[in-house]
């Protein structure tokens, strides 16, 4: 089924790890705050719904999505942080700026995750327009913030 007709925030919740003692950092881009604020609400509420304690969730705003990588690194280097959730929105617009920003952020967050051996979650929307962004930030297609939080929870349960 295409995403045009589906809530993308449906996920499996059986066998989730206990995250009541886990500490989460949420790094949020200020740019396009109408969207990123809704992503933050989704992520925060999902963490609490599935067992995280409010006292163990820290939120840090950064100017834009490009700055998520450094924000993630500053959070991930702290031994008390178990997972980092990064939330942003880069709308395509009329130029190719989104290609450069999205690629840099994806690579940067991957590098931080590998460097610190902890989940660093890419919760960045890459829509074509504002309406698509709103549809994925609590609108008809769910909330990418919910999905990012659930991804962090699930990654904390991986054991090898």
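In my numbering, the protein residues as written are 13 to 172.
Idealized CB from N, CA, C, for every residue including glycine.
Everything numeric in this text was worked out from a predicted model, so none of it was measured.
Query: Residues sharing a beta bridge with residue 85, DSSP; Result: In the DSSP output, where bridge partners are listed per residue, residue 85 has none listed.
Query: Closest residue to residue 34 among 171, 96, 86 and 109 (Cα-Cα distance); Result: 96
Query: Between the CA atoms of residue 154 and residue 127 - distance to the nearest angstrom; Result: 31 Å
Query: C-beta atoms of residue 98 and residue 133 nearer than 8 Å; Result: yes
Query: Three-state secondary structure assigned by DSSP to residue 67; Result: helix
Query: Neighbour-count burial assignment, residue 81, 16 or more Cβ in a 10 Å radius; Result: buried
Query: Proximity below 8 Å, CB of residue 77 to CB of residue 103; Result: no
Query: Inter-residue spacing [alpha-carbon to alpha-carbon] between residue 109 and residue 83; Result: 20 Å
Query: Selected residue, minimal CA-CA separation from residue 156, among 37, 44 and 50; Result: 50
Query: Anticipated Cβ contact below 8 Å, residue 54 with residue 150, distance rounded; Result: 6 Å
Query: Rounded straight-line distance, which links the Cα of residue 124 to that of residue 85; Result: 6 Å
Query: Check whether residue 162 and residue 23 have beta carbons under 8 Å apart; Result: yes
Query: The alpha helix (DSSP H) enclosing residue 59, as first and last residue numbers; Result: 45 to 61
Query: Buried/exposed call for residue 75, threshold 16 Cβ in 10 Å; Result: exposed
Query: Residue 64 vs residue 32 beta-carbon contact at 8 Å; Result: yes
Query: Within the stretch 87 to 142, ranges of the alpha helix (DSSP H) (whole runs, at least 4 residues); Result: 109 to 128
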